[in-house]
Amino acid sequence: MPFTIAEIAQSLGVPFEGDGSLTVFSVAEPASASADQLALAMRPDFAEGLTQGAARAAMLWQDADWQGFGLSAAILAPRPRYTMSALSEMMDPGQGYGAGIHPSAVVDPSAKLGIDVSVGALAVIGPDAVIGDGSVIGPQVQIGWQARIGANALLHAGVRIAARVTIGERFVGQPGACIGSDGFSFVTPEKSGVEKARASLGEEGNTASQSWARIHSLGSVTIGNDVEIGANSCIDRGTVRDTYIGNGCKLDNLVHVGHNVMVGEDCLLCAQVGIAGSTVIGQNVVLGGQAGVSDNLVIGDRAIIGGGSGVLSNVPAGRVMLGYPAVKMDSHVESYKGLRRLPRLFRDVADLKKAVSKLTGND
Amino acid sequence: MPFTIAEIAQSLGVPFEGDGSLTVFSVAEPASASADQLALAMRPDFAEGLTQGAARAAMLWQDADWQGFGLSAAILAPRPRYTMSALSEMMDPGQGYGAGIHPSAVVDPSAKLGIDVSVGALAVIGPDAVIGDGSVIGPQVQIGWQARIGANALLHAGVRIAARVTIGERFVGQPGACIGSDGFSFVTPEKSGVEKARASLGEEGNTASQSWARIHSLGSVTIGNDVEIGANSCIDRGTVRDTYIGNGCKLDNLVHVGHNVMVGEDCLLCAQVGIAGSTVIGQNVVLGGQAGVSDNLVIGDRAIIGGGSGVLSNVPAGRVMLGYPAVKMDSHVESYKGLRRLPRLFRDVADLKKAVSKLTGND
Amino acid sequence: MPFTIAEIAQSLGVPFEGDGSLTVFSVAEPASASADQLALAMRPDFAEGLTQGAARAAMLWQDADWQGFGLSAAILAPRPRYTMSALSEMMDPGQGYGAGIHPSAVVDPSAKLGIDVSVGALAVIGPDAVIGDGSVIGPQVQIGWQARIGANALLHAGVRIAARVTIGERFVGQPGACIGSDGFSFVTPEKSGVEKARASLGEEGNTASQSWARIHSLGSVTIGNDVEIGANSCIDRGTVRDTYIGNGCKLDNLVHVGHNVMVGEDCLLCAQVGIAGSTVIGQNVVLGGQAGVSDNLVIGDRAIIGGGSGVLSNVPAGRVMLGYPAVKMDSHVESYKGLRRLPRLFRDVADLKKAVSKLTGND
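Protein chains in written order, with the working numbering: chain F, 399 to 761; chain P, 399 to 761; chain E, 399 to 761.
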């Protein structure tokens with residue numbers, strides 16, 4: 399896809415300097431860029447590579463001395479990382495899924511496909527499913543009975559949408575994402591060892607064997623607009639009502655969202671995050687990679703949970719949390735520093751005991 | 399599916415009061431229930447919503463004042479959460495997978511399918527596979543060479559059962575579950591850095607580069623009756639004998655079970671649990687979400703491992719464990735409280751040092 | 399597959415003793431071996447089972463008294479675990495995927511398949527994909543536009559290789575592995591709460607709501623020779639250049655490798671490991687199960703990160719790390735011991751305070 403520097407700058411709404419008619423076909427890192435690529439050097443330390451590569455044009459930060467790097471043209475972005483969003487959209491060649499309904503796809507006659515929907519090879523679309531205009535259904539995708547997907551969705555290969563799931567507009571599903579698996583909800587005829595251990599804070603579990611009866615998930619999953627779900631991530635359906643993911647949420651790979659969970663708008667759930675059943679997550683919450691949140695908790699708006707942390711209690715709005723169990727970040731850092739200095743503390747106390755023992759004459 | 403209150407109560411084996419002829423079509427939470435839904439309010443704090451919703455009937459706890467909530471009928475369950483199991487089974491509309499063998503499925507002529515087996519669109523059933531009566535094989539499922547699955551299985555979309563896996567009756571596989579991937583077993587010609595670090599408890603690793611030779615997994619996986627495996631979970635095959643999952647075990651989403659692992663009956667493995675190779679798990683063990691168990695360990699019957707914990711040593715029967723490395727829950731709580739109070743302890747010791755220094759005159 | 403003991407020993411390059419003409423068909427653990435199986439007892443404690451089983455031949459350690467176990471023949475391996483690699487390869491019956499291109503597979507006419515490539519039922523091979531000689535493409539695999547896979551690959555059922563991914567020779571992909579999902583890269587118009595919290599080490603997050611703009615992944619994934627990727631693992635594509643996995647790396651199940659990550663040669667990434675974006679991993683690094691590495695870090699060659707550890711800072715070469723945040727293993731062990739002894743320390747300090755208080759007369 400050839401673009402002139404002037405076209406790119408105009409499309410991104412940022413200024414350019416130099417030869418706006420210069421044409422580029424793709425983007426590259428500075429050191430490996432060829433003459434017809436746009437080098438990306440969004441911070442001064444990245445710009446060093448420009449002299450090693452052959453780029454004639456680059457996207458740089460706002461006040462960059464582009465001529466000093468020997469360039470013929472430069473796009474100068476006030477917040478280059480943000481501008482990268484629109485630039486990368488322009489330059490993305492995509493996955494090359496074909497247009498139209500592939501003849502090998504199995505589309506139930508009762509499914510309703512909008513205008514310009516494409517369906518890839520060997521996809522399965524179930525009875526009464528509804529797919530909005532302009533959606534791209536990749537190869538080997540499965541969409542269940544009565545599932546509803548809004549306009550302009552992009553479902554990559556092997557995404558699975560179970561029965562009665564409802565998804566808003568502009569949804570992106572990475573390969574193997576699974577929306578609408580059954581909740582993990584089992585019950586014993588009598589109180590289980592877990593119920594007892596929770597009630598007693600750790601008293602030993604049961605002595606008798608117990609087997610588990612299944613609670614079926616009668617709810618489904620509702621997902622808002624502009625949501626992305628990562629590769630091989632799983633969103634379980636609710637027990638009675640739907641599990642809910644709000645508008646603008648982005649979930650990374652291998653994330654687990656349990657039954658009945660409610661996630662507010664614009665949350666980021668990084669890779670391998672797990673949220674146990676019935677927990678409520680506020681708006682604009684960020685969960686770092688591998689963070690876990692226990693069941694039936696409330697996480698306030700704009701909370702940030704550090705990667706690898708385990709949240710075992712409610713979190714107030716705006717709080718930055720770290721550790722296991724997760725605590726306020728500065729408390730964690732203080733405890734952690736103390737932990738590192740413990741060996742010295744043990745020596746100090748041993749010395750004090752000797753000194754005091756001498757003073758009291760109890761030797 | 400219309401049911402009268404009397405029918406439901408009879409089927410569940412619990413009493414009802416009021417108008418048993420009242421008909422409901424599905425279940426709902428109290429506040430959002432319509433007049434033809436059965437509201438579920440299994441604890442007093444859930445019942446408040448009844449006045450906001452339009453339900454005329456509800457399932458409540460044993461001695462609930464159902465008339466006080468303005469209902470016409472009520473099902474009164476002694477342990478409502480347990481009764482929910484049978485109720486949810488009655489009310490589950492399912493995934494709508496069709497009956498019979500879908501013409502797009504690829505079923506090897508040597509595969510043996512029992513009576514009333516259904517096979518979904520684009521499923522693949524390999525040579526000499528055996529599938530028990532009444533099993534439902536969802537769309538895009540893959541069942542390998544000589545795999546054997548018992549009666550009344552439900553394999554959701556995209557489940558993969560590898561060659562020679564043996565599964566008992568009433569198995570449930572959530573979408574994307576993978577049974578029988580190869581074990582992660584690699585060996586170096588000379589002792590590896592890991593072997594050395596384990597032997598020396600942390601002495602630095604190797605200085606020479608090493609590459610890894612693959613040990614093939616000649617065993618497979620054997621799974622008992624009444625087992626459920628969650629979405630995108632993986633059970634590796636054994637090296638020489640089969641990896642084993644006992645009767646009644648329930649595994650949540652994104653769980654990893656390594657090669658040669660043996661899991662006893664009726665265990666719960668919550669989401670994102672990982673069990674490393676050759677570990678033996680007893681009966682009725684519960685592993686909380688994201689818990690990990692190291693290789694070659696023994697976890698006793700009825701042990702409960704808290705979510706996010708990392709088990710690095712054997713666990714006796716009935717023990718409740720928490721933390722990393724996991725220890726007895728009350729030890730963890732005590733250590734953790736100490737950690738929180740460490741800053742004060744450092745101040746106390748500093749004060750003591752000053753006081754003692756004054757006393758001894760060493761200032 | 400029948401083999402004589404002499405054939406096996408010759409093929410493995412290790413000596414045998416006794417009746418080399420004895421024939422075995424498969425391998426077994428000592429206690430369950432039948433008369434025509436080769437028992438594997440690679441350590442003295444495993445050999446006890448030989449008397450319970452019916453094996454007439456076994457693979458044992460170098461100086462084993464095989465006649466004392468009542469055997470007719472024995473293969474004596476200097477490093478039996480290493481010899482197991484070649485033996486298991488000989489004895490592996492495989493998954494039974496058929497030869498040739500299955501008629502139900504959807505192979506784009508522009509795809510280039512090498513000599514002796516087999517393609518399983520319902521696989522999809524996209525336009526301009528290139529697959530090397532002797533590769534086995536399992537059922538329901540998907541290979542994207544312009545993806546290139548080297549010779550002798552083995553892609554198990556449901557592997558997904560996205561567009562423009564490049565993979566070397568002898569690649570093994572376990573079921574459901576996903577190579578080339580989009581990176582998790584989102585940006586806010588203004589500085590995000592995470593950026594602020596990182597800059598301030600934990601100052602509270604934003605007060606205003608923010609939504610996320612997507613940065614498309616214009617790079618792809620490059621994978622070297624002799625790499626194995628586990629079941630349902632995910633490797634994200636890079637933002638501008640490719641994410642990179644070096645020769646000889648082995649990744650277990652449910653592993654996440656973020657965008658732009660570079661992994662050096664011969665690394666082991668155990669199950670459920672997560673590596674965040676742009677981190678660089680050296681050669682021969684071992685990451686234990688569930689370990690996590692934060693973004694933009696450098697992990698030195700031959701480092702070993704214990705299972706469940708969370709790496710939040712750079713790691714020098716050869717270092718053995720444990721804990722959260724991960725520290726040198728012996729520091730972690732020392733801190734941990736201190737933590738366990740904390741309750742006693744609190745008592746000691748309380749006693750000292752009393753004693754000092756008496757001495758100073760401030761009671």
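The beta-carbon is built from N, C-alpha and C at its ideal position, and this holds for glycine as well.
Exercise for review: Can you give me the start and stop residues for the alpha helix (DSSP H) that E:S755 sits inside?
Suggested key: Taking the first residue of the third sequence as 1, we reach residue 755 of chain E at position 357. Element bounds for E:S755: 727 to 758.
Practice item. Kindly list, in the order they appear in chain F, the residues whose Cβ is closer than 7 Å to that of E:W543. Key: Within the third sequence, the letter at position 145 stands for residue 543 of chain E. Per Cβ cutoff of 7 Å: Q493, G494.
Check your understanding: Any heavy atom of the ligand MN closer than 7 Å to the CB of E:A433?
Key -> In the structure shown, the ligand MN is absent, as is every other ligand, since no ligand is present at all.
Practice item. With distances taken Cα to Cα, identify the nearest neighbour of E:V570 among E:A561, E:S579, E:V557, E:R562. Key: Numbered from 1 along the third sequence, position 172 holds the residue referred to as residue 570 of chain E. Per the Cα distances, E:V557.
Review point. Name the chain E residues whose beta carbon is nearer than 9 Å to that of P:E732?
Key: The count along the second sequence starts at 1 and reaches residue 732 of chain P at position 334. Within chain E, the residues near P:E732 are L740, P741.
Practice item. Let me know the secondary structure DSSP gives E:D634 once reduced to three states. Key: As a first step, residue 634 of chain E is located in the third sequence; it is residue number 236 there, counting from the start. Of the three classes helix, strand and coil, the one that applies to E:D634 here is strand, per DSSP.
Exercise for review: Tell me, please, whether the CB atom of P:V585 is closer than 8 Å to any CB atom in chain E?
Suggested key: Mapped onto the second sequence, residue 585 of chain P falls at position 187. So yes, P:V585 belongs to the interface.
Review point. How many Å lie between P:I535 and P:G566 at the Cα?
Key: Residue numbering aside, residue 535 of chain P sits at position 137 when the second sequence is read from its first letter. Residue numbering aside, residue 566 of chain P sits at position 168 when the second sequence is read from its first letter. C-alpha separation (whole angstroms): 15 Å.
Check your understanding: For the region 667 to 699 of chain F, which residues have a CB atom closer than 7 Å to at least one CB atom of chain E, in sequence order?
Key -> C668, A669, Q670, Q681, N682, V684, G687, Q688
Review point. What number of angstroms, rounded off, separates the C-alpha of P:A433 from the C-alpha of P:A453?
Key: Reading the second sequence from its first residue, position 35 is the one you call residue 433 of chain P. Reading the second sequence from its first residue, position 55 is the one you call residue 453 of chain P. Cα-Cα distance, rounded: 5 Å.
Point to revise | the region 514 to 529 of chain P contacting the region 546 to 553 of chain P, beta-carbon criterion three pairs below 8 Å | key: yes
Check your understanding: Taking C-alpha atoms, which residue in P:S711, P:W459, P:M719, P:Q688 lies nearest to P:R700?
Key -> For the purposes of this step, residue 700 of chain P is identified with residue 302 of the second sequence, where counting begins at 1. Cα-wise, what sits closest to P:R700 is P:M719.
Check your understanding: Which whole-angstrom value describes the C-beta separation of P:P507 and P:A519, a residue pair presumed to lie in contact below a C-beta threshold of 8 Å?
Key -> Working through the second sequence from its first residue, we reach residue 507 of chain P at position 109. Working through the second sequence from its first residue, we reach residue 519 of chain P at position 121. No, P:P507 and P:A519 are not in contact; Cβ-Cβ is about 19 Å, not under 8 Å.
Check your understanding: Taking one C-beta from the region 578 to 591 of chain E and one from the region 623 to 641 of chain E each time, how about it: are there three or more such pairs within less than 8 Å?
Key -> yes
Point to revise | Own chain partners of E:I403 with C-beta closer than 6 Å, once the 5 adjacent residues on each side are dropped | key: Locating residue 403 of chain E in the third sequence gives position 5, counting from the first residue. The answer, listed in chain order, is F414, G418, L420, A455, A471.
Check your understanding: Three-state secondary structure (DSSP) at P:I444?
Key -> By one-based count along the second sequence, residue 444 of chain P stands at place 46. For the sequence presented, residue 444 of chain P should be read as Phe rather than Ile. P:F444 falls in the helix class under three-state DSSP.
Review point. When the Cα atoms are used, what is the spatial distance from F:G591 to E:K726?
Key: Counting from one through the first sequence, the residue named residue 591 of chain F turns up at place 193. Counting from one through the third sequence, the residue named residue 726 of chain E turns up at place 328. Whole-angstrom Cα-Cα distance: 37 Å.
Practice item. Would you mind giving the Cβ-Cβ distance between P:A674 and P:V691, rounded to the nearest angstrom? I have them listed as a contact below 8 Å. Key: Residue 674 of chain P sits at position 276 when you count from the first residue of the second sequence. Residue 691 of chain P sits at position 293 when you count from the first residue of the second sequence. Going by Cβ atoms, the distance from P:A674 to P:V691 rounds to 6 Å, so yes, they are a contact pair.
Check your understanding: So, is the C-beta of E:Y762 closer than 8 Å to a C-beta in chain F?
Key -> Nothing can be reported for residue 762 of chain E, as the shown portion of chain E is limited to 399 through 761.
Practice item. Using a Cβ cut-off of 8 Å (strictly closer), state whether P:D664 contacts chain F. Key: As a working note, residue 664 of chain P is residue 266 in the second sequence. Yes, contact with chain F.
Point to revise | Per-residue DSSP class, three states only, for F:T641 | key: As a working mapping, residue 641 of chain F is identified with position 243 in the first sequence. The answer is strand: DSSP assigns F:T641 an E or B state.
Check your understanding: Where does P:T481 land, buried or exposed, given buried means 16+ other C-beta within 10 angstroms?
Key -> Translated into the one-based positions of the second sequence, residue 481 of chain P becomes position 83. P:T481 is buried by the Cβ-count criterion.
Exercise for review: Compute the Euclidean distance between the alpha carbons of P:I613 and P:F584, then round it to the nearest angstrom.
Suggested key: In the second sequence, the residue the question calls residue 613 of chain P occupies position 215. In the second sequence, the residue the question calls residue 584 of chain P occupies position 186. When rounded, the distance between both Cα atoms is 6 Å.
Exercise for review: Work out the CA separation of P:F444 and P:S598 for me, nearest whole Å.
Suggested key: Walking along the second sequence from the start, residue 598 of chain P turns up at place 200. Walking along the second sequence from the start, residue 444 of chain P turns up at place 46. Those two C-alpha atoms are separated by around 56 Å.
Practice item. Quick one: measure Cβ to Cβ for F:S733 and P:L740, integer angstroms, because I've assumed they're closer than 8 Å. Key: In the first sequence, the residue the question calls residue 733 of chain F occupies position 335. In the second sequence, the residue the question calls residue 740 of chain P occupies position 342. Between P:L740 and F:S733 the Cβ distance is about 6 Å, and since that is below 8 Å, they are a contact.
**Study point:** Proximal chain E residues relative to F:V747, where beta-carbon distance stays under 8 Å
**Key:** As a position in the first sequence, residue 747 of chain F is number 349, starting the count at 1. Simply L743, D746, V747, L750.
**Study point:** the region 399 to 414 of chain F: positions lying closer than 9 Å to chain E by Cβ
**Key:** none
**Study point:** Partners in chain E for F:Q538, counting only beta-carbon separations shorter than 7 Å
**Key:** The count along the first sequence starts at 1 and reaches residue 538 of chain F at position 140. Those are V522, Q538, Q540, listed as they occur along chain E.
Point to revise | For P:Q608, three-class secondary structure by DSSP | key: One-based indexing of the second sequence puts residue 608 of chain P at position 210. Three-state result, P:Q608: coil.
Check your understanding: By the 10 Å Cβ neighbour count, where 16 or more other Cβ atoms means buried, how is P:N694 classified, buried or exposed?
Key -> By 1-based counting over the second sequence, the position of residue 694 of chain P is 296. Looking at its Cβ environment, which holds fewer than 16 other Cβ atoms inside 10 Å, P:N694 is exposed.
Practice item. Measuring only between beta-carbons, confirm whether F:N758 sits less than 8 Å from chain E. Key: Position 360 of the first sequence, counting from 1, holds the residue named residue 758 of chain F. The sequence shown places Thr at residue 758 of chain F, rather than the Asn named in the question. Answer yes: the Cβ-Cβ gap between F:T758 and chain E drops below 8 Å somewhere.
Point to revise | Buried/exposed call for F:A497, threshold 16 Cβ in 10 Å | key: Position 99 of the first sequence holds residue 497 of chain F. Flag for F:A497 reads exposed.
Point to revise | Close-in-space but distant-in-sequence residues of the same chain around P:A555 (CB under 6 Å, 5 per side omitted) | key: Counted from its first residue, the second sequence places residue 555 of chain P at position 157. Contacts found: G536, P537, Q538, P573.
**Study point:** Residue from P:D650, P:R717, P:V696 whose Cα sits closest to the Cα of P:M660
**Key:** For the purposes of this step, residue 660 of chain P is taken as the residue at position 262 of the second sequence. Nearest C-alpha to P:M660: P:V696.
Check your understanding: Can you tell me whether DSSP reads F:W464 as helix, strand or coil?
Key -> Counting from 1 along the first sequence, the entry for residue 464 of chain F is found at position 66. DSSP places F:W464 in coil when its eight states are reduced to three.
Practice item. Could you name the residues of chain F that P:R558 contacts, counting a contact when the two beta carbons are closer than 7 Å? Key: To locate residue 558 of chain P, count along the second sequence from 1; it is residue 160. Ordered by position in chain F, no residue passes the 7 Å Cβ test against P:R558, which lies about 11 Å from the chain.
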